[in-house]
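A.B. asks:
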């Protein structure tokens, strides 16, 4: 069974309660439960999970409009934030599969979006490499985040979710 990206809903709460994120991971990302609580108050934030065999392997939030504006001037961009992999699922290629499916998912559910953008901590070399392999490009933009300097990476979409 392949990994499937789905919008988080409360039916997935029990599975998310079994999601393990370590203190080392939290140096660079937020906890899914905190991100979900914020998203419930902000309709521009959309929590997404990657599921394989009824188990959540990855979590992230797609943040429309105001969220993306802090990272890019592009009027049709969406921010990928709070990306993580369940600690027990690391090293199995799920993050790579998740990011490979992301462009199509975004184009399907957000057809007006032309660019995905993210901020990755300058000290998080593994994540930078992962995002680069997934097609995100460092165009030289930097900003300070809550947890240090961020490298802003972009992924330009066409209608099929392909990098252009």
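In the UniProt record's numbering, the protein residues as written are 1 to 164.
Built from N, CA and C at the ideal position, the CB exists for glycine as well.
All values derive from a computational prediction rather than experimental measurement.
1. Which residues bound the alpha helix (DSSP H) around residue 41?
2. Helix, strand or coil for residue 3? Go by DSSP, reduced to three states.
3. Would you mind stating whether residue 152 and residue 119 have Cβ atoms separated by less than 8 Å?
4. Note down the Cα distance separating residue 36 from residue 18, rounded to an integer number of angstroms.
5. When you compare each of 67, 28, 15 and 22 to residue 125 by their alpha carbons, which one comes out closest?
6. Taking the C-alpha atoms as reference points, what is the distance between residue 7 and residue 121?
7. In angstroms, rounded to a whole number, what distance separates the CA positions of residue 34 and residue 158?
8. Does the beta-carbon distance from residue 156 to residue 128 come in below 8 Å?
9. Hey, quick one: how far does the alpha helix (DSSP H) through residue 131 stretch, first residue to last?
10. For residue 122, name the three-state secondary structure that DSSP assigns.
11. Go ahead and pull the three-state DSSP assignment for residue 67.
12. Kindly indicate the opening and closing residues of the alpha helix (DSSP H) around residue 138.
13. Helix, strand or coil for residue 88 per DSSP?
C.D. replies: According to the structure shown:
1. 32 to 41
2. coil
3. yes
4. 15 Å
5. 28
6. 25 Å
7. 32 Å
8. no
9. 125 to 133
10. coil
11. helix
12. Looking at the DSSP string, residue 138 is not in any alpha helix (DSSP H); the run it does join, the beta strand (DSSP E), is 137 to 145.
13. helix
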